[in-house]
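The opening residue of the sequence shown carries number 0 in numbering that gives the first Met the number 0; numbering runs sequentially from there. All residues carry an ideal CB built from backbone N, CA and C; glycine is no exception. Keep in mind it's a predicted model, so treat the numbers as computed, not measured. This report concerns only the one structure given below.
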Amino acid sequence: MAESIAQQVSGETTAWLVGRNVVVIDVASSPLYRADPLELETMATDIAKQTIAFSTAPLESIAITFHEGAVSADPGKTREYIFLVMENRPVLQPYLDYDATGPLTHYEVQAAFDRLGESLPEEQRGCVLKEMEMRAGAAGDPETLDPMSLEFLSAESWDDLGAFNRRIILAQAITARALFVCASKRKAEVTP
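This is how it looks when you write it as structure tokens:
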């Protein structure tokens, strides 16, 4: 698979399967690094589709990083694309700030909302987004959050998570609760 990708991107490519369901791909020294962002995103999406097709086991996510030169951890010299695999297709995740602090930002809430995609009926979209924003504000900073104060959070593993992962898990918990609240409201409106 890495050889096929390397030919397409004209760069040195390495791919790793991490934990049976995550693929990490690094592309170094490819001229595509300097390509138009939309062109690079399209190429990353194509690579993610190929990765899913190539995989013999179901995947959870794919991370593809284009490096300006050699592989490096310098964020100023990389362009990263993270895909969740949903229904055997790659879904590009928006850029999230790894250094964010404080309550979940509007952008983080919007990113969690966007992941719901077409699965959410149009008439519930406004309710769910409003509920998510309200709950994100009420939850406050994930670093100081008592996980027992929110439904859908497990206190057992919360302390083992890093700051960024806590933000992701909190966003998922807020999303789940918002879906239940809005479904209950909808049911109450329909039931006489």
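Pairwise C-alpha distance: residue j and residue i
i	j	result
L31	T50	19 Å
D73	R33	16 Å
A187	A177	15 Å
G68	S9	12 Å
S54	V22	9 Å
Q110	Q7	It should be pointed out that residue 110 corresponds to Ala in this sequence rather than to Gln. Their Cα atoms are separated by approximately 30 Å.
T77	S183	44 Å
L169	M147	12 Å
E132	L83	23 Å
T174	P141	15 Å
G139	I4	43 Å
I61	E155	27 Å
D159	G75	29 Å
N87	G116	15 Å
Neighbourhood of residue i by C-beta, 8 Å cutoff - its chain only, sequence neighbours within 5 removed
i	result
A56	R19 and N20
Where residue i falls, given that 16 or more other Cβ within 10 Å makes a residue buried
i	result
F179	exposed
M85	exposed
V17	exposed
M42	buried
P36	exposed
H66	buried
A52	exposed
A162	exposed
Same chain only: Cβ atoms within 7 Å of residue i, ignoring 5 sequence neighbours per side
i	result
T44	P89 and L91
A135	P102, L103, V108 and I173
I46	I4, I24 and I63
6 Å CB neighbourhood of residue i in its chain, flanking five on each side removed
i	result
L193	No statement about residue 193 is possible, as the shown extent of the chain runs from 0 to 191 and does not include it.
D203	Absent from the model: residue 203. The displayed extent of the chain is 0 to 191, so no value can be given.
C126	C181
Whole-number beta carbon distance between residue j and residue i, since they are thought to touch under 8 Å
i	j	result
Y80	E40	7 Å
C181	E130	6 Å
A172	L152	5 Å
E2	S28	In fact, because the Cβ distance is near 16 Å, the residues do not count as touching under 8 Å.
E107	R185	Actually they are not in contact, since the Cβ atoms of E107 and R185 sit about 25 Å apart, beyond 8 Å.
Exercise. Could you give the uninterrupted runs of the beta strand (DSSP E) lying entirely in the region 41-66, keeping only those of 3 residues or more?
Worked result: 60-66
Problem - Contained alpha helix (DSSP H) runs [length at least 4] in the region 109-157, N- to C-terminal order - result: 121-138 and 154-157
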